[in-house]
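> Numbers given in our numbering equal positions in the sequence shown, counted from 1, plus 29.
The beta-carbon is built from N, C-alpha and C at its ideal position, and this holds for glycine as well.
On a predicted model such as this, the values are computed, not experimentally measured, just so you know.
Attaching a single structure in structure tokens format; questions to follow.
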Amino acid sequence: MKEISGNTRLFGILADPIHHVKTPQRMNEHFAKIGFDGVCVPFHARPENLAAVVEGLRRLENLGGVIVTVPHKTAILDLADEATPVARKIGAANVLRREADGRLVAHMLDGEGFVRGLRSCGVAPEGKSVYLAGAGGAANAIGFALVQAGVSRLTIANRTPAKAEDLKARILSLHPDAQISVGNADPSGHDLVVNGTSLGMKEGDPLPLDTSRLTPDQLVCEVIMQPRDTALLVAAQARGCKVHYGAPMLACQIELMVEMLGVTSAP
Numbered sequence: 030m031k032e033i034s035g036n037t038r039l040f041g042i043l044a045d046p047i048h049h050v051k052t053p054q055r056m057n058e059h060f061a062k063i064g065f066d067g068v069c070v071p072f073h074a075r076p077e078n079l080a081a082v083v084e085g086l087r088r089l090e091n092l093g094g095v096i097v098t099v100p101h102k103t104a105i106l107d108l109a110d111e112a113t114p115v116a117r118k119i120g121a122a123n124v125l126r127r128e129a130d131g132r133l134v135a136h137m138l139d140g141e142g143f144v145r146g147l148r149s150c151g152v153a154p155e156g157k158s159v160y161l162a163g164a165g166g167a168a169n170a171i172g173f174a175l176v177q178a179g180v181s182r183l184t185i186a187n188r189t190p191a192k193a194e195d196l197k198a199r200i201l202s203l204h205p206d207a208q209i210s211v212g213n214a215d216p217s218g219h220d221l222v223v224n225g226t227s228l229g230m231k232e233g234d235p236l237p238l239d240t241s242r243l244t245p246d247q248l249v250c251e252v253i254m255q256p257r258d259t260a261l262l263v264a265a266q267a268r269g270c271k272v273h274y275g276a277p278m279l280a281c282q283i284e285l286m287v288e289m290l291g292v293t294s295a296p
């Protein structure tokens, strides 16, 4: 890591717990790669202290912004001075940029990171039909981003159908011409099948969808990064499907985060 000086731009990540985060490592690798004089460090903030922490960050003149993760993604919206329309509709944000006057601007990049991750692997979502398992957390943001990217049709499936209906309504409020339906566990008839749930992180988790309905012409996508080969992806490959792993989403989110935070390459 480059030596820290009085000119170094400061960034952080807000989380509770904090020990598991990988963003500082990835951000600092990116800073070194482009020759940017900045450093990203972990900020451990408990929910009851979040407002006080954010108020303090607002007054740090050399702070460029912070990444926001569990459990603060929802609460951070009420503490920001401004939020993008997508972040407001999603109801959560994962990046907070500090302006020169101390104002804090919130945005959500989970969905955009997923879409850019697809593109980085040669998959263009435009014109494709998509089955999305999940309607909260990452799935929430991914649904918005897929429609923004121009998918032909989106089917949202959730264990609680009311949550899928709610996500559909919020997406349609920004994209009234989008073709969106609420589905069930059957993912057949779609080009892309996306697991936007956390099912698959733990051994013994139930599958997020009916894998017996998968067909070899489908691309099955994960947002889970560990384990790399989730039970869903293993089952999909056994059905002859191509698969898209979770890692590109994080790599592309780092790119989007540094863009949002105004990080530029050294001249």
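Take A340 and list the residues in its own chain whose beta-carbon comes closer than 7 Å to its own, dropping the five residues that flank it on each side.
Residue 340 lies beyond the stretch modelled for the chain, which goes from 30 to 296, so this question has no answer here.
> What are the partner residues of F72, as DSSP defines its beta bridges?
L43
> For D158, does the three-state DSSP call read helix, strand or coil?
The sequence given here has Ser at residue 158, not Asp. When secondary structure is reduced to three states using DSSP, S158 falls in the strand class.
> With DSSP collapsed to three states, give me the class of L183.
strand
> Since A280 sits in a beta bridge, which residues does DSSP pair it with?
Answer is none; A280 lacks a bridge partner.
> So what does DSSP say about S227, is it helix, strand or coil?
coil
> Starting from the C-beta of V292, find all residues in its chain whose C-beta is less than 6 Å away, skip the five residues before and the five after it, and write them out in chain order.
F65
> What does the alpha-carbon distance come out to for the pair I209 and I253?
24 Å
> Looking at the unbroken alpha helix (DSSP H) that takes in R188, where does it start and where does it end?
First-last for R188: undefined, no H or E at that position.
> Tell me, to the nearest whole angstrom, how far the beta carbon of V95 is from that of L147; I am working on the premise that it is less than 8 Å.
Rounded, the Cβ-Cβ distance is 27 Å, inconsistent with contact.
> Under the three-state reduction of DSSP, which class applies to H48: helix, strand or coil?
coil
> In the DSSP assignment, what are the bridge partners of L221?
V159, L248
> Per DSSP, E111 forms a beta bridge with which residues?
V134
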